[in-house]
Amino acid sequence: MALTLDITTPEARDRLRPTAALEKKSLIGLSREEMAEALAEIGVPERQTRMRVRQLWHWLYVRGVSDFSQMFNISKELRAKLDEHFTVARPEIVEEQISQDGTRKWLLRFPARGAGRPVDVETVYIPEEGRGTLCISSQVGCTLTCTFCHTGTQKLVRNLTPGEILDQLLIARDRLGDFPDADTPDGAIVPAEGRKVTNIVMMGMGEPLYNFENVKQALLIASDGEGLSLSKRRITLSTSGVVPEIYRTGEEIGVMLAISLHAVRDDLRNVLVPINKKYPLEKLMQACRDYPGLSNARRITFEYVMLKGVNDSMEDARALVQMLKGIPAKINLIPFNPWPGTDYECSDWEQIEKFADYVNRAGYASPIRTPRGRDILAACGQLKSASERMKKAERMKLEEAAVAGEG
86 MALTLDITTP EARDRLRPTA ALEKKSLIGL SREEMAEALA EIGVPERQTR MRVRQLWHWL
146 YVRGVSDFSQ MFNISKELRA KLDEHFTVAR PEIVEEQISQ DGTRKWLLRF PARGAGRPVD
206 VETVYIPEEG RGTLCISSQV GCTLTCTFCH TGTQKLVRNL TPGEILDQLL IARDRLGDFP
266 DADTPDGAIV PAEGRKVTNI VMMGMGEPLY NFENVKQALL IASDGEGLSL SKRRITLSTS
326 GVVPEIYRTG EEIGVMLAIS LHAVRDDLRN VLVPINKKYP LEKLMQACRD YPGLSNARRI
386 TFEYVMLKGV NDSMEDARAL VQMLKGIPAK INLIPFNPWP GTDYECSDWE QIEKFADYVN
446 RAGYASPIRT PRGRDILAAC GQLKSASERM KKAERMKLEE AAVAGEG
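If you count by my numbering, then the sequence shown holds residues 86 to 492, one letter each, in order.
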C-alpha cells in the first residue's frame with residue numbers, strides 16, 4: 086500500500102524532518118547571554134552559568150578546542166550533557182588549495198538551513214611579511230551582481246550565521262597551527278604577537294551589510310578581549326555602499342571601513358556596482374565623512390579595481406582625488422583579476438602606475454595591491470562556490486524522500 090505524506094505546510098515539514106531533529110545547536114557564535122540561556126535549558130544551575138560560560142568561552146576562543154572531551158576543568162558529567170545537546174565541531178573542509186605564492190583557500194561546507202542542500206563557502210588566507218590576513222565570507226553567493234566580480238555571478242543562497250562566520254577564522258587558526266599548544270596552562274595569558282592570522286577582512290563572498298546582525302555578532306566576538314582578541318583596528322569590513330548600515334557599523338561595531346568604490350561617476354558605477362542606483366555617490370561619500378573616529382590613524386580604505394579602458398584614465402584619477410577631498414583615506418588600486426566568462430581586462434601596468442603616482446602626489450596613499458592566489462582563483466573578486474538555492478518544489482521533494490527513507 087502506498088503511503089502519502091502531506092508536507093505542504095512548514096509545520097508539517099518541521100515535525101517530519103529527521104535531520105532537523107538530530108542537528109545539534111552549535112555554541113560557536115552565541116553571545117555570552119545566549120550561551121547562558123542554552124546552558125540553563127539543559128539544567129545547569131543559574132548560580133553556575135556565569136562560571137560555565139567563562140570556561141566555555143576560554144576553551145572555544147582562546148584554546149581553539151573543538152571537542153567537549155578536551156575541556157578538562159569541566160566535570161565529565163557536564164561534558165557528556167554538553168555533548169548530548171550541543172556541538173563545537175568545525176565544519177567540513179571540502180578542499181584546501183595552496184597557491185604558488187603561499188596563499189591558501191579553503192572550501193568549507195555548512196548545513197542547508199533552508200537552502201535545500203548543504204552549502205559551500207570560500208575563505209582565503211594571505212600571508213605577508215609581518216602579517217597574515219584572512220578574507221572571510223558573510224553570505225553564500227551575493228545579491229549585488231557587480232559586473233566585474235565573479236562572486237556576483239552566483240545568486241544569493243543564504244546568509245551565514247555568526248557561528249559560520251567565526252568558523253572560518255577558527256578553521257584557519259587550526260590549519261595554520263595558530264592556537265596555543267595543548268599543554269599551555271589553563272588561564273595563561275596568550276600573547277597576540279607571533280600569530281599567523283593577525284588581520285581579518287570581511288571581503289569574501291557576499292555583502293556583509295546585508296547580513297548586518299550576524300556579522301556584527303561575529304565581529305564583536307572576534308574582537309572580544311577575553312577570547313580571540315583581535316583589535317578592531319585589525320578588522321576591516323568592506324561594503325559596496327549600503328549607506329544606512331555604514332552608520333550602524335561605525336556606531337555598533339566600530340571596526341575599520343573599506344568601500345568597494347571602482348568608479349567616480351554615477352553612470353559608470355551604476356553599471357559596475359548596481360547598488361549605486363539606490364545609494365549614489367553623494368550619499369555614500371557623506372556616510373564616509375560621517376563615519377565615527379575618522380583620523381589619519383583610522384582612515385577609510387577605498388578599493389578601486391583597475392579595468393582597462395573603463396575607469397583607468399587620468400581624468401578618473403583627478404575626479405577620484407577631488408571626490409575624496411577632506412576624507413582621511415587610503416586608495417587600494419586592485420589590478421583586475423580575470424575569471425572565466427568575464428568581458429573585462431586588467432589595465433596596463435604602466436597605466437596603473439601613472440594612476441597611482443597621480444593619487445600619491447595628491448597626498449593619498451595608493452598602494453597597488455599585488456595579485457595573490459590567482460592560480461587558485463583566490464584573488465580579489467574571484468571567489469565563488471557551486472552552491473545554489475534549491476527551488477521550493479525541489480526542497481519539498483528532498484524532504485519527502487528523506488522522511489520516506491527514515492520510515
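Even glycine gets a Cβ: it sits at the ideal position worked out from N, Cα and C.
All values reported here derive from a predicted model rather than from experimental measurement.
| Asked | Found |
| --- | --- |
| Three CB pairs or more closer than 8 Å across the region 352-361 and the region 329-343 | no |
| Span of the beta strand (DSSP E), counted from its first residue to its last, around Y389 | I385 to M391 |
| According to DSSP, residues forming a beta bridge with F171 | K110 |
| First through last residue of the alpha helix (DSSP H) which encompasses C227 | Per DSSP, C227 belongs to no alpha helix (DSSP H) and is neither H nor E. |
| Alpha-carbon to alpha-carbon, G226 and R102 | With a pLDDT of only 44 at R102, under 50, the local geometry of the prediction cannot be trusted, and the value read off the model is given with reservation. Distance between the alpha carbons of R102 and G226: 26 Å. |
| Endpoints, beta strand (DSSP E) assigned at D205 | V204 to E213 |
| Range covered by the alpha helix (DSSP H) that runs through F297 | F297 to A307 |
| Three CB pairs or more closer than 8 Å across the region 185-198 and the region 248-259 | yes |
| Beta-bridge pairing of A450 - partner residues as DSSP gives them | K415 |
| Cβ neighbours of H170 in the same chain (closer than 6 Å, five flanking residues each side left out) | I127 |
| Proximal residues to G217 (C-beta, below 8 Å), its chain only, five neighbours per side dropped | Y210, I211, L261, R280, K281, V282, T283 and N284 |
| Enclosing alpha helix (DSSP H) for K368 [first to last residue] | L366 to R374 |
| Reference L241, options R117, E292, A165 and D168, closest by Cα | E292 |
| Same chain, Cβ closer than 8 Å to F233, five either side skipped, listed in chain order | H347, L357, V390, L392, F421, T427, Y429 and G466 |
| Sub-8 Å separation of A343 and T386 beta-carbons | yes |
| Where T455 falls, given that 16 or more other Cβ within 10 Å makes a residue buried | exposed |
| For V242, three-class secondary structure by DSSP | coil |
| Same chain, Cβ closer than 6 Å to I300, five either side skipped, listed in chain order | It should be noted that the sequence gives Val, not Ile, for residue 300. The answer, listed in chain order, is S223 and P293. |
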